[in-house]
Amino acid sequence: MSADAADEIRGTAHGTAPVPLSVLDLVTVGAGRTASDALRTGVDIARLAESRGFHRYWVAEHHSMPGVASSSPAVILAHLAAHTGRIRLGSGGVMLPNHAPLVIAEQFGTLEAMAPGRIDLGLGRAPGTDGATAAALRRSDRLNEGADDFPQQLAELTRFLDDDFPDGHPYRRIHAVPGPVQATSPGGVQSPHRPPLWLLGSSGFSARLAGMLGLPFAFAHHFSAQNTVPALDLYRESFRPSGVLDAPYALIGVSALATDDEKEARRQVLAAALNMVRLRTGRPGLVPTPEEAEAYDFSPMEREFVDSWNANVIHGTPDEVRTGLDALQKRTGADELMLTANAHGGDVRLRSYELIADAYGLPTPA
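This is the structure in C-alpha cells:
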C-alpha cells in the first residue's frame, strides 16, 4: 500500500471529535425554494466544511425526486471544485449500474484534472430512484441484471481508471481521457493521482465486496440503521489487504441536525420525516416547512414511521448532537462520521454544521 493512497482515504480528527468528520449533501430543495437556492447552499456548506476542518464533502445521485437536486454528481462536484481549495470532494455515490463505466471514468478523470488529489469516487449498486426511473436511465427494464453485474462493472471501471486492460481485451485500445494514457503519449505528463474508489452500501453485499477487494467502505446508517453493525462486522471480517489499504477503513452516513434549542430541532426533523413519508408512499415532493409538518394530520401508520425514522436522526442542541455522535461512533467503531443535515431551509442546514463544528472545537478560519 502506498502512503499516498492511504492519505487520500484516511482523514484526521480535529478538536475533540473521536474520528474525522465529513459532510454528505443531498442538495435538498425546500418548498418555496429553487434548485439554484439549494446549489448555492451546497457551496456555502462546502466552504464552511473546508474552513472548519471537515475531511470531505460528498453528494449523492438521486433521480426523479423534486426535493433532491443531486441527479448529476459530477456536474455539482465540478462547480464545488471551483469554489473550494482543499477539502476532498466526491460522490456518495454514483450509482454504477446507471452508467457505462467508461463514462464514469471520463467524468471523474476530468474532475481529478480540475482538483488534483481531492476527488473521491464512491460507487453504489442501487438505482437511486424507483424502478420506472431506473429503467428510463438504463434504457432497460432488466434492473436486477445491473445489480448482479456490479462486480464486473466495477472491475471494468477500475481498468479504465488505471488504463490497464490486458492484451487481447476488446477495450485494450480504448482509453479514459483525462487519464494515465496521457503519460505514455509522446511528451505526455500525467498526474500521479487517480480518484480512490469507495464502495457504498446499505446491506451486506457491498460490505463483503469492499472487504474482499481491500477498498474503503461507506455505509448508509442514515436510512438503514438496523444493518449498520452487521455490515461493518462483515466488512472487517472479509477484509483483505490491498494496494489501497492495509487495514479496513469504514465511514458511516449519519443524519444529524443541531439547532440552538431542542424544540427547533424537533420541528425541523418532523418536516424532514414528513418528506420521507411522502417519498415512501409514492408522493415525492419538495421538503415541507416545519409549519406545514406541524399542521399535517399524520395517520397512526405514518406517525409510527415518523417515530421510527427520527429515532435514528441525532438532533437537538449542539451538546446533545455531540453526545449522540460520540455514542454512535463508539458503538459502531466507525473510522469516520459523514453527517447529513436534512431540513427545509438551507440556513438551518448551514447553521447545523457550524454548531457541530463549535461543539467539537474544530478549527476556526484564520
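According to the numbering used here, the stretch in the sequence shown is residues 562 to 927, in order. Backbone N, C-alpha and C fix where the C-beta goes; we use that ideal spot for every residue, glycine too. Since we're looking at a predicted model, the values are computed, not measured.
Taking only the alpha-carbon atoms, compute the straight-line gap between residue i and residue j and give it to the nearest angstrom.
i     : j    : result
V750  : V742 : 9 Å
A639  : H624 : 19 Å
D822  : S633 : 35 Å
T925  : L916 : 12 Å
Y921  : K824 : 22 Å
L900  : G748 : 44 Å
M562  : D568 : Because M562 carries a pLDDT of 47, less than 50, the predicted location of this residue cannot be relied on, and the following value inherits that uncertainty. Each residue's alpha carbon lies about 11 Å from the other.
V909  : S816 : 14 Å
L663  : I680 : 17 Å
A819  : V838 : 22 Å
S764  : T789 : 8 Å
W1002 : A607 : The first residue shown for the chain is 562 and the last is 927, placing residue 1002 beyond what the model contains.
D586  : R801 : 31 Å
How about residue i and residue j: do their beta carbons lie closer than 7 Å?
i    : j    : result
A666 : A621 : no
A792 : F780 : yes
L806 : V590 : no
L812 : A768 : no
V584 : S631 : no
L698 : N659 : yes
P581 : T573 : yes
L923 : R613 : yes
L835 : A854 : yes
Y810 : P845 : no
A826 : H876 : yes
I570 : P757 : yes
A642 : A676 : yes
P849 : A674 : no
Locate the alpha helix (DSSP H) running through residue i, then write down its first and last residues.
i    : result
H640 : 634-642
L600 : 596-613
T671 : 662-675
A902 : That residue, A902, is in no alpha helix (DSSP H); it is neither H nor E in DSSP.
Identify every residue that forms a DSSP beta bridge with residue i.
i    : result
E622 : DSSP, once it has assigned bridges, lists no residue as partnering E622.
L585 : W619
E897 : L812
R649 : R617
H730 : Looking at the DSSP assignment, H730 forms no beta bridge with any residue, so it has no partner.
V629 : T589
Can you tell me where the beta strand (DSSP E) holding residue i begins and where it ends?
i    : result
L847 : Segment: none, L847 is in no beta strand (DSSP E) and carries neither H nor E.
I680 : 680-685
F859 : First-last for F859: undefined, no H or E at that position.
Is the segment 652-667 touching the segment 718-733, taking contact as three or more C-beta pairs under 8 Å? They touch, by the three-pair rule.
So does the segment 599-615 actually touch the segment 855-873, counting three or more Cβ pairs closer than 8 Å? Contact annotation: the segment 599-615 does not touch the segment 855-873, with fewer than three C-beta pairs closer than 8 Å.
Cβ contact (3+ pairs, closer than 8 Å) linking the segment 647-659 and the segment 675-688: Verdict: yes, contact present.
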